[in-house]
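Q:
Protein chains in written order, with full-length UniProt numbering: chain A, 1 to 133; chain B, 1 to 556; chain C, 1 to 105.
(1) Using DSSP bridges, identify the partner residues of residue 74 of chain C.
(2) Using only the alpha-carbon positions, how far apart do residue 76 of chain C and residue 12 of chain C sit?
(3) Mind the definition here: the stretch 85-96 of chain C touches the stretch 422-432 of chain B only if three or more C-beta pairs lie below 8 Å; say whether that holds.
(4) Kindly indicate which three-state DSSP category residue 48 of chain A falls into: helix, strand or coil?
(5) Quick one, are the C-beta atoms of residue 20 of chain B and residue 72 of chain A less than 7 Å apart?
(6) Output the distance between the C-alpha atoms of residue 156 of chain B and residue 443 of chain B, rounded to the nearest integer angstrom.
(7) Determine the direct distance from the alpha carbon of residue 91 of chain A to that of residue 9 of chain A, and round the result to whole angstroms.
(8) So the candidates are A:69, A:76 and A:51; which of them puts its Cα closest to the Cα of residue 35 of chain A?
(9) Identify which residue in B:89, B:493, B:60 and B:36 has its Cα closest to the Cα of residue 456 of chain B.
(10) So does the stretch 138-150 of chain B actually touch the stretch 182-197 of chain B, counting three or more Cβ pairs closer than 8 Å?
(11) Give me the chain A residues within the contact set of residue 157 of chain B, using Cβ-Cβ distance strictly less than 9 Å, ordered along the chain.
(12) Are the beta-carbon atoms of residue 58 of chain B and residue 104 of chain B separated by less than 7 Å?
(13) For a cutoff of 7 Å on Cβ pairs, would you count residue 243 of chain B as touching chain A?
(14) Taking only beta-carbon positions, decide if residue 74 of chain C is within less than 7 Å of chain B.
(15) Where do the N-terminal and C-terminal ends of the beta strand (DSSP E) with residue 528 of chain B fall, by residue?
(16) For residue 116 of chain A and residue 101 of chain A, I'd like the C-alpha separation in whole angstroms.
(17) Can you check the UniProt domain "Nitrite/sulphite reductase 4Fe-4S" (125-276) of chain B for any beta strand (DSSP E) of at least 3 residues that lies completely inside it and give the ranges in chain order?
(18) Please work out which residues of its chain come closer than 7 Å, Cβ to Cβ, to residue 142 of chain B, disregarding the five sequence neighbours upstream and downstream, and give them in chain order.
(19) If contact is defined by three or more beta carbon pairs under 8 Å, each pair taking one atom from either stretch, is the stretch 48-67 of chain B in contact with the stretch 91-110 of chain B?
(20) Tell me the DSSP secondary structure of residue 1 of chain C in three-state form.
(21) Is any non-hydrogen atom of the ligand SAH found closer than 6 Å to the C-beta of residue 234 of chain B, if you look at the structure I gave you?
(22) Would you check if the distance between the CB atom of residue 131 of chain B and the CB atom of residue 170 of chain B is smaller than 7 Å?
(23) From residue 306 of chain B to residue 370 of chain B, what distance separates their C-alpha atoms?
(24) In terms of alpha-carbon separation, which member of B:93, B:235 and B:191 lies closest to residue 158 of chain B?
(25) 7 Å is my cut-off, CB to CB: does residue 366 of chain B come that close to chain C?
(26) Alpha carbons only, please: which of B:136, B:162 and B:22 is nearest the one belonging to residue 125 of chain A?
(27) By DSSP, does residue 369 of chain B sit in helix, in strand, or in coil?
(28) If I measure Cβ to Cβ from residue 55 of chain B and keep anything under 7 Å in the same chain, skipping five residues before and after, which residues do I get?
(29) Name the chain C residues that come within less than 7 Å of residue 86 of chain B, Cβ to Cβ?
(30) I want to know whether the stretch 34-51 of chain C touches the stretch 531-542 of chain B - three or more CB-CB distances under 8 Å.
(31) What's the call for residue 555 of chain B, buried or exposed, on a 16-neighbour Cβ count within 10 Å?
(32) Determine, using beta carbons only, whether residue 563 of chain B and residue 360 of chain B come nearer to each other than 7 Å.
(33) Any contact between the stretch 233-249 of chain B and the stretch 276-284 of chain B? By contact I mean 3 or more CB pairs, one from each, below 8 Å.
(34) Which residues, in chain order, does the stretch 119-131 of chain B contribute to contact with chain A at a C-beta distance below 8 Å?
(35) Does any C-beta atom of chain A lie closer than 7 Å to the C-beta of residue 298 of chain B?
(36) Using a Cβ-Cβ cutoff of less than 7 Å, which residues in the same chain neighbour residue 87 of chain B once the five nearest sequence positions on both sides are dropped?
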């Protein structure tokens with residue numbers, strides 16, 4: 001697998017971190033993988049010790065990861081790395097970035113050209129024009 | 001600016017956005033053809049650009065935001081029907097237009113043509129926030145409290161390619177009205193908004209969790225008085241709860257109404273309030289300057305009319321009984337003296353509800369230029385509105401409409417049938433809706449008879465997904481499949497106004513070829529038992545459905 | 001994927017799909033080509049159709065078609081689908097006789 005950066009990571013996580021499913025995290029865990037139905041509010045102060053949170057997409061049509069990422073950034077001020085993995089398509093690149101995701105995990109042979117292209121397609125969004133965020 | 005019409009006038013940034021969107025779609029088509037995208041991956045992407053694969057071909061649904069368009073846009077739709085389709089278009093119950101015989105390979109070109117006149121097909125389908133619908137008499141009706149179009153446009157912009165809400169559990173439909181007479185079926189939408197002026201700016205009453213389909217439910221009031229500044233923040237919170245907790249395991253239980261039902265309106269409201277407590281209002285505030293800037297892109301027509309306009313209309317009505325009847329059924333009072341709002345019926349006797357030929361579309365554009373400042377609206381009953389007609393020119397307009405076969409006096413009468421495309425076009429349908437609509441509208445074609453029968457809405461859906469809104473028809477018909485044959489179930493008493501309720505099933509489904517006679521027997525029974533001044537719903541309320549049940553099943 | 005299909009006495013199966021580029025309905029003939037008219041469709045017995053469906057589904061991308069599936073028909077000079085839905089697909093919308101599918105095409 002390879003990592004494709006959507007934006008410069010706010011605080012890039014060290015490469016060697018062991019990733020623990022959120023249900024099994026302990027006080028020493030620094031990197032977790034969320035399940036789509038997980039309520040990120042329940043992480044509470046554990047967030048302070050995390051360097052990496054992975055939001056997962058069982059299928060690209062399941063948009064819960066967008067809400068999780070955005071809540072982590074906006075409600076709880078998470079400043080570490082957020083990575084997206086699972087079934088994602090390049091057409092989602094900008095949405096992921098806007099919701100606070102730093103990078104996506106792609107197959108080694110995945111073509112990154114459409115991902116790059118997608119990131120530059122819409123320089124101005126309607127939400128920004130309305131003064132949101 | 002173009003003609004002084006009541007829709008948002010595009011600027012450079014909007015046009016650049018559309019160009020990017022078309023480039024994106026063209027790339028997606030290429031990737032689909034090369035096999036980089038599977039059909040499963042491509043399908044949601046094409047749907048979010050309005051492109052379905054239906055029974056016979058691709059179908060393209062073009063957005064008409066809040067139902068308003070100008071004459072050059074209408075001419076472009078005529079051109080698309082003529083050049084890329086089979087010479088007609090179909091107005092939908094969500095104020096859009098769809099073309100039934102589109103080719104995928106020509107779609108990027110069609111989208112470029114649409115963009116030439118500031119139109120698109122964005123989010124007319126897919127599990128995202130759909131094109132926002134609005135009161136068809138917005139900015140014209142005498143009974144209006146507040147023109148909802150500026151906020152409808154704000155909602156359009158806010159929901160367009162929303163980064164968080166483009167992959168929702170299911171589709172999401174929003175309607176907004178500024179009239180105390182809810183003309184948008186606010187209580188039957190995922191979110192329905194009733195706007196009114198307050199002391200310190202507009203206030204919004206928000207309903208949530210209404211809908212038809214498999215599980216018809218009347219929406220609940222979420223908040224009574226949301227101030228303008230908090231409108232988008234409130235909607236974001238409402239959508240966020242839905243995106244996080246709406247069901248994704250079963251598409252028939254994935255709409256927000258099921259979530260609201262499961263949590264109860266109080267539980268759902270609590271969840272929304274919790275979101276709101278976590279949100280930073282500064283990030284979501286809708287500033288008055290932003291609203292003013294968008295409002296400034298709506299032109300206001302000069303609505304002064306000649307001082308004798310009203311008396312001349314009065315004289316014209318006295319001279320022509322048929323015209324007088326049409327004025328009674330197909331016009332709505334305008335707030336400006338000497339003006340009147342006109343509903344052009346796209347329901348000629350024996351016709352296909354909502355279908356218009358390219359030539360009719362072109363002529364409607366001409367008539368809009370001549371009579372209503374080049375502006376047209378599409379209604380959720382699949383008709384067309386010319387909102388600002390001078391009363392002294394109304395007779396001329398009616399004559400011109402008659403010349404193109406669109407002069408029927410049947411708005412909100414029995415001939416004004418709403419029908420989904422049904423099995424003739426739709427990949428999901430169980431039964432054909434259009435042939436029954438045609439037979440019924442031919443049977444009750446006489447305009448004088450229709451007026452005699454009075455307000456009576458027939459809605460026909462070809463399957464349980466209820467695109468023909470049969471649940472809210474005064475008489476509703478639902479097509480069901482019995483061993484490959486078409487049957488229809490009758491419901492009575494539905495309505496989508498301030499007294500919204502869904503109709504009650506009358507009894508066992510009847511075969512397709514019995515249907516028209518059964519409805520005719522129900523109508524005959526109503527005419528024989530009604531009391532003076534009663535409409536169909538009044539009689540039904542007074543007597544219950546027993547007499548109609550007896551009539552419907554008389555020969556069975 | 002095996003679906004439960006009910007086939008009555010004297011009935012058989014044909015394969016159908018939509019063309020990717022223009023969306024039009026097509027029927028699979030005996031050579032594995034996709035034709036506009038059901039008149040050219042290969043009539044398959046319940047025993048044969050599954051392997052034909054597998055092959056057609058596998059080559060759908062190369063053949064430029066989407067949504068391959070089977071339709072129950074009554075064989076004849078022109079195969080007639082059993083359900084109203086498939087008859088409308090085969091012969092055209094009932095409300096627009098002028099758009100009827102050309103069966104000799």
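Beta carbons: idealized from backbone N, C-alpha and C, even for Gly. These figures come from a predicted structure and were not determined experimentally.
A: So, from the data block:
(1) C:80
(2) 10 Å
(3) yes
(4) helix
(5) no
(6) 41 Å
(7) 20 Å
(8) A:69
(9) B:493
(10) yes
(11) 126, 127, 129 and 130
(12) yes
(13) yes
(14) no
(15) Unbroken run through residue 528 of chain B is the alpha helix (DSSP H), 515-529; no beta strand (DSSP E).
(16) 15 Å
(17) 174-177, 191-198, 201-208 and 220-227
(18) 333, 334 and 335
(19) yes
(20) Any answer about residue 1 of chain C is weak, because its pLDDT of 44 lies below 50 and its placement is not dependable; what the coordinates show is given next. Reduced to three states, the DSSP call for residue 1 of chain C is coil.
(21) This structure lacks the ligand SAH; in fact it carries no ligand of any kind.
(22) no
(23) 16 Å
(24) B:235
(25) no
(26) B:162
(27) helix
(28) 425, 426 and 427
(29) 99
(30) no
(31) exposed
(32) Shown here, chain B extends from 1 to 556; a query on residue 563 of chain B therefore has no answer.
(33) yes
(34) 127
(35) no
(36) 81, 357 and 358
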